[in-house]
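S.K.: I am attaching a structure below and will ask some questions about it afterwards.
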Amino acid sequence: MCGIVGLFLKDKSLEPKLGAMLSEMLVSLSDRGPDSAGIAIYGAPSKNEAKITIQSAKPERDFRGLEAELAKAIGAPVSIAVKSTHAVVRTTPAKIDAAREAIQTLRPDIRIMGAGDVVEIYKEVGLPEAVVDRFDVRKMTGTHGIGHTRMATESAVTTMGAHPFSTGADQCLVHNGSLSNHNNVRRELIREGMKFETENDTEVAAAYLSSQMAHGKNLGEALEGTLSDLDGFFTFVVGTKNGFGVVRDPIACKPAVMAETDQYVAFGSEYRALTKLPGIDNARVWEPEPATVYFWEH
Amino acid sequence: MPATKLSKAAAHDHASRIFDLDVSSLRELNQALHNLTPGSNETAWEVLHPKGSHSVAVGVDQPVSIDVRGSVGYYCGGMNSGSTITVHGSAGPGVGENMMSGSIIVKGDASQYAGATGKGGLLVIEGNASSRCGISMKGIDIVVHGNIGHMSAFMAQSGNLVVLGDAGDALGDSIYEARLFVRGKVDSLGADCIAKEMRPEHLELLQGLLDRAGVTGVKPSEFKRYGSARTLYNFNIDNADAY
Numbered sequence: 001m002c003g004i005v006g007l008f009l010k011d012k013s014l015e016p017k018l019g020a021m022l023s024e025m026l027v028s029l030s031d032r033g034p035d036s037a038g039i040a041i042y043g044a045p046s047k048n049e050a051k052i053t054i055q056s057a058k059p060e061r062d063f064r065g066l067e068a069e070l071a072k073a074i075g076a077p078v079s080i081a082v083k084s085t086h087a088v089v090r091t092t093p094a095k096i097d098a099a100r101e102a103i104q105t106l107r108p109d110i111r112i113m114g115a116g117d118v119v120e121i122y123k124e125v126g127l128p129e130a131v132v133d134r135f136d137v138r139k140m141t142g143t144h145g146i147g148h149t150r151m152a153t154e155s156a157v158t159t160m161g162a163h164p165f166s167t168g169a170d171q172c173l174v175h176n177g178s179l180s181n182h183n184n185v186r187r188e189l190i191r192e193g194m195k196f197e198t199e200n201d202t203e204v205a206a207a208y209l210s211s212q213m214a215h216g217k218n219l220g221e222a223l224e225g226t227l228s229d230l231d232g233f234f235t236f237v238v239g240t241k242n243g244f245g246v247v248r249d250p251i252a253c254k255p256a257v258m259a260e261t262d263q264y265v266a267f268g269s270e271y272r273a274l275t276k277l278p279g280i281d282n283a284r285v286w287e288p289e290p291a292t293v294y295f296w297e298h
Numbered sequence: 001m002p003a004t005k006l007s008k009a010a011a012h013d014h015a016s017r018i019f020d021l022d023v024s025s026l027r028e029l030n031q032a033l034h035n036l037t038p039g040s041n042e043t044a045w046e047v048l049h050p051k052g053s054h055s056v057a058v059g060v061d062q063p064v065s066i067d068v069r070g071s072v073g074y075y076c077g078g079m080n081s082g083s084t085i086t087v088h089g090s091a092g093p094g095v096g097e098n099m100m101s102g103s104i105i106v107k108g109d110a111s112q113y114a115g116a117t118g119k120g121g122l123l124v125i126e127g128n129a130s131s132r133c134g135i136s137m138k139g140i141d142i143v144v145h146g147n148i149g150h151m152s153a154f155m156a157q158s159g160n161l162v163v164l165g166d167a168g169d170a171l172g173d174s175i176y177e178a179r180l181f182v183r184g185k186v187d188s189l190g191a192d193c194i195a196k197e198m199r200p201e202h203l204e205l206l207q208g209l210l211d212r213a214g215v216t217g218v219k220p221s222e223f224k225r226y227g228s229a230r231t232l233y234n235f236n237i238d239n240a241d242a243y
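If you want it as structure tokens, here you go:
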């Protein structure tokens, strides 16, 4: 099972509602996966600012005083907005790698969920309703986002095993299915220098895409590569800084339905995830074809 | 798309019993349908706001008509025995799975494995059907006005699949005895599925199916028939590569 959703807005007037719309979509698919849930939201870019979403099992201990210590460590202004077990660290783009390293040194127990100019990632063990409430996702604004509710098959039920997986700046991926050659692909990617946080097959898919894009491929080309290089069942929905893509394996036994209007492109594992979107009754609704890449960019 | 004869037949004298799924639960709807007994006067049912719900009108075993106003999720009309279910919208995976008799008409598109393992009755999809349409069909008749996806009629054992549009890859893979009639192009045939001669009895059979599904303006002679080459019935080492 697992349930995945994605929403890519074309109409700017919907941007204030992105979090609410995506939350609604994800909650409607709760019974596809009770183990964990997560979302990635791409907000508006702000000048000269990049962010890192961090997570801690002991937020009171790990986040206290971190702002000042981090600013001192990297020699640049830092702001930290705490939301439950997660926090968004903002600093100048030039200092983002330094900040990442400094966080790991200052607070070794903190996990990095993702980083980039615009993306924020929130994921935890539990049902979608609890996760979107905990992080107040309904109030979030943005241009596009993806979400996942997990029925764990390939690895442990932990926060880090939840989706989305982010392995590159502003890149993330959610997956329904299971990969059979992930250990081999992981070994190859490790040889290239990629780092992995979990034993999860989906993290390998995310890292594969990041590696392809780091080699100069665009999102569409990188997704095309999954069809020959990844073995198993998958429906992937991915986000990049300004893009949104979907691909299903050639067997395509994992469900997927898409809708497009002048205002948005939406993805759901099931049609019921789309039923509350504006204008859905007149939207073009279709099932993505197997082994076919779909992607949109702003 | 033309209205089917069956959906016209669903026009009724009595007032419909209406279930609004914004107000009532799916369980209440299905329980009310299961409570029907032979000879009941409640022969017309209407389901409002299904919003992609799963298992709408599953396991109905009385000859009633059920109009579902909107799109449904998984397994709508599963195990149907004798009722006429019309989905005025699209259907999710497994519509009419294991249908025994009666009919299901989907006005929009159907998702994967429509009519899977069906033993009888008629499933009409006025839009397109997705992959694995009629997988392991065991006597059901399926008529699709549009196209069907890959691996349709996989391991089909009995019944008829009629497709007015095109079929995807591996049509009829490992098919046993069902008859497949396709009017458009077929991307590829699966293992042991071959094109077959259209004899007078097949033209007659197909005309009957088109009539029952309310298809007009289409001639049986426009279709090609596909079926089993019957080389994989018994294990033969020479065929090992084909399995």
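Here the protein sequences come in this chain order: F and L.
Residue numbering for the first sequence follows the UniProt record's numbering, beginning at 1 and increasing consecutively.
Residue numbering for the second sequence follows the UniProt record's numbering, beginning at 1 and increasing consecutively.
Glycine included, C-beta positions come from ideal geometry on N, C-alpha and C.
Given the structure is predicted, the values throughout are model-derived calculations rather than measurements.
Thinking just about the alpha-carbon of each residue, which of HIS49(L), MET198(L), TRP45(L), HIS54(L) is nearest to the one in residue 319(L)?
M.R.: Missing from the structure shown is residue 319(L); chain L here goes from 1 to 243 and no further.
S.K.: Sort out for me which residues DSSP pairs GLN171(F) with in a bridge.
M.R.: Looking up residue 171(F) in the first sequence gives position 171. According to DSSP, which records beta bridges pairwise, GLN171(F) is partnered with GLY168(F).
S.K.: Can you tell me whether ASN160(L) is helix, strand or coil according to DSSP?
M.R.: Within the second sequence, residue 160(L) is the residue found at index 160, counting from 1. Strand at ASN160(L).
S.K.: Counting only Cβ-Cβ distances shorter than 8 Å, please list the residues of the stretch 126-145 of chain F near chain L, keeping chain order.
M.R.: Going along the stretch 126-145 of chain F in chain order, one finds no residue with a Cβ nearer than 8 Å to chain L.
S.K.: Looking at C-alpha atoms only, which residue of ALA32(L), GLY102(L), ALA170(L), GLU177(L) is the closest neighbour of SER152(L)?
M.R.: The residue labelled residue 152(L) in the question sits at position 152 within the second sequence. It is ALA170(L) whose Cα lies nearest to the Cα of SER152(L).
S.K.: Hey, which unbroken runs of the alpha helix (DSSP H) at 4 residues or more fall wholly within the stretch 19-75 of chain L?
M.R.: Qualifying alpha helix (DSSP H) stretches, in chain order: 26-34.
S.K.: Any Cβ of chain L within less than 7 Å of the Cβ of TYR271(F)?
M.R.: Position 271 of the first sequence, counted from the first residue, corresponds to residue 271(F). Cβ-Cβ to chain L under 7 Å: yes for TYR271(F).
S.K.: Would a C-beta distance cut-off of 7 Å place GLY232(F) and SER180(F) closer than the cut-off?
M.R.: Translated into the one-based positions of the first sequence, residue 232(F) becomes position 232. Translated into the one-based positions of the first sequence, residue 180(F) becomes position 180. Yes, the Cβ-Cβ distance between GLY232(F) and SER180(F) is below 7 Å.
S.K.: Please work out which residues of its chain come closer than 7 Å, Cβ to Cβ, to GLY216(F), disregarding the five sequence neighbours upstream and downstream, and give them in chain order.
M.R.: Translated into positions along the first sequence, residue 216(F) becomes position 216. The answer is none, since no qualifying residue turns up.
S.K.: Spell out the partners DSSP gives ILE80(F) in its beta bridges.
M.R.: For the purposes of this step, residue 80(F) is identified with residue 80 of the first sequence, where counting begins at 1. For ILE80(F), which the question treats as bridged, DSSP gives the partners VAL89(F).
S.K.: Please identify the residue among GLY39(L), VAL68(L), ASN41(L), GLY146(L) whose C-alpha is closest to the C-alpha of PHE19(L).
M.R.: Here residue 19(L) corresponds to residue number 19 of the second sequence, with the count starting at 1. Answer by Cα proximity: VAL68(L).
S.K.: Scan the stretch 103-142 of chain F and note each continuous alpha helix (DSSP H) run of 4 residues or more that stays entirely inside, going in chain order.
M.R.: With a minimum length of 4 residues, the continuous alpha helix (DSSP H) runs that stay inside the stretch 103-142 of chain F are 128-134.
S.K.: In chain order, what residues of the same chain have a beta carbon less than 6 Å from the beta carbon of THR91(F), not counting five sequence neighbours either side?
M.R.: For the purposes of this step, residue 91(F) is taken as the residue at position 91 of the first sequence. Closer than 6 Å at the Cβ level, and outside the excluded window around THR91(F), lie ALA76, VAL78, ALA99.
S.K.: Can you name the residues of chain F whose CB is closer than 9 Å to the CB of GLN112(L)?
M.R.: As a first step, residue 112(L) is located in the second sequence; it is residue number 112 there, counting from the start. Under the 9 Å cutoff, chain F gives ALA252, CYS253, PRO255, GLU287.
S.K.: Determine, using beta-carbon pairs with one atom in the stretch 170-179 of chain F and one in the stretch 133-150 of chain F, whether at least three such pairs fall under 8 Å.
M.R.: Touching, yes.
S.K.: Could you check what DSSP says for GLY242(F) in three-state terms: helix, strand or coil?
M.R.: The sequence position of residue 242(F) within the first sequence is 242, counting from 1. According to the sequence shown, residue 242(F) is Asn rather than Gly. The answer is coil: DSSP assigns ASN242(F) none of H, G, I, E or B.
S.K.: Roughly how many angstroms lie between the CA atoms of MET1(F) and LYS254(F), to the nearest whole one?
M.R.: Position 1 of the first sequence, counted from the first residue, corresponds to residue 1(F). Position 254 of the first sequence, counted from the first residue, corresponds to residue 254(F). Between MET1(F) and LYS254(F), the C-alpha separation is close to 8 Å.
S.K.: For a cutoff of 7 Å on Cβ pairs, would you count GLY78(L) as touching chain F?
M.R.: Your numbering for residue 78(L) matches position 78 in the second sequence. Not closer than 7 Å to any Cβ of chain F, the Cβ of GLY78(L) fails to qualify, so no.
S.K.: Compute the distance between the beta-carbons of ILE140(L) and GLY115(L), then report whether it is under 7 Å.
M.R.: The residue you call residue 140(L) lines up with position 140 of the second sequence. The residue you call residue 115(L) lines up with position 115 of the second sequence. Yes, the pair counts as a contact, with Cβ atoms nearer than the cut-off.
S.K.: Counting only beta-carbon atoms, is LYS51(L) nearer than 7 Å to chain F?
M.R.: Within the second sequence, residue 51(L) is the residue found at index 51, counting from 1. Judged by the 7 Å Cβ criterion, LYS51(L) is in contact with chain F.
S.K.: Less than 7 Å between CB atoms is the rule here; does SER130(L) satisfy it with respect to chain F?
M.R.: Against the second sequence, residue 130(L) aligns to sequence position 130. Cβ-Cβ to chain F under 7 Å: yes for SER130(L).
S.K.: Could you give the DSSP three-state label for VAL218(L): helix, strand or coil?
M.R.: Working through the second sequence from its first residue, we reach residue 218(L) at position 218. The answer is coil: DSSP assigns VAL218(L) none of H, G, I, E or B.
S.K.: Have a look at PHE295(F) and GLY6(F) and give me their C-alpha separation to the nearest angstrom.
M.R.: Locating residue 295(F) in the first sequence gives position 295, where the first residue counts as 1. Locating residue 6(F) in the first sequence gives position 6, where the first residue counts as 1. Looking at the two C-alpha atoms, the distance is approximately 12 Å.
S.K.: For GLY268(F), report the span of its beta strand (DSSP E) as first-last.
M.R.: By one-based count along the first sequence, residue 268(F) stands at place 268. Note, GLY268(F): beta strand (DSSP E), 264-268.
S.K.: Could you check what DSSP says for ALA116(L) in three-state terms: helix, strand or coil?
M.R.: Mapped onto the second sequence, residue 116(L) falls at position 116. DSSP places ALA116(L) in coil when its eight states are reduced to three.
S.K.: Taking only the alpha-carbon atoms, compute the straight-line gap between SER53(L) and GLY38(F) and give it to the nearest angstrom.
M.R.: Within the second sequence, the letter at position 53 stands for residue 53(L). Within the first sequence, the letter at position 38 stands for residue 38(F). If I take the Cα positions, the gap works out to 23 Å.
S.K.: Check the Cβ of HIS150(L) against every Cβ in chain F and list those closer than 8 Å, keeping chain order.
M.R.: As a position in the second sequence, residue 150(L) is number 150, starting the count at 1. Under the 8 Å cutoff, chain F gives ALA252, PRO290.
S.K.: Identify whether SER211(F) lies in helix, strand or coil by the three-state DSSP scheme.
M.R.: Against the first sequence, residue 211(F) aligns to sequence position 211. SER211(F) falls in the helix class under three-state DSSP.
S.K.: Three or more C-beta pairs under 8 Å: does that hold for the stretch 116-127 of chain L against the stretch 94-102 of chain L?
M.R.: Flag = yes, the stretch 116-127 of chain L and the stretch 94-102 of chain L touch.
S.K.: What are the boundary residues of the beta strand (DSSP E) that THR226(F) is part of?
M.R.: Locating residue 226(F) in the first sequence gives position 226, counting from the first residue. It is not in any beta strand (DSSP E) - THR226(F) instead sits in the alpha helix (DSSP H) that spans 219-229.
S.K.: Does DSSP put GLU97(L) in a helix, a strand or coil?
M.R.: Here residue 97(L) refers to the residue found at position 97 when the second sequence is read from its first residue. If DSSP states are grouped into helix, strand and coil, GLU97(L) belongs with coil.
S.K.: Excluding the five sequence neighbours on either side, which residues of its own chain have a C-beta within less than 8 Å of the C-beta of ARG15(F), listed in chain order?
M.R.: Here residue 15(F) is taken as the residue at index 15 of the first sequence, counted from 1. It is worth fixing the name first, because residue 15(F) is Glu in this sequence and not Arg. Once the five neighbours on either side are set aside, the close Cβ partners of GLU15(F) are LEU9, ALA44, THR141, GLY142, THR143.
S.K.: Under 7 Å, do GLY102(L) and MET79(L) count as touching if we go by C-beta distance?
M.R.: Against the second sequence, residue 102(L) aligns to sequence position 102. Against the second sequence, residue 79(L) aligns to sequence position 79. No; because the gap between Cβ atoms is not below 7 Å, this pair is not in contact.
S.K.: Kindly indicate which residue of ALA178(L), SER90(L), ASP173(L), GLU28(L) has the alpha-carbon position closest to the one of ALA191(L).
M.R.: Here residue 191(L) corresponds to residue number 191 of the second sequence, with the count starting at 1. Residue ASP173(L) is the option with its Cα nearest to ALA191(L).
S.K.: Note down, in chain order, each residue of its chain lying with its Cβ closer than 6 Å to the Cβ of GLY184(L), except the 5 sequence neighbours on either side.
M.R.: Translated into the one-based positions of the second sequence, residue 184(L) becomes position 184. Contacts found: GLY165, ASP166.
S.K.: If you run the structure through DSSP and keep just helix, strand and coil, what is SER90(L)?
M.R.: Start at 1 with the first residue of the second sequence, and residue 90(L) comes out as number 90. Three-state result, SER90(L): coil.
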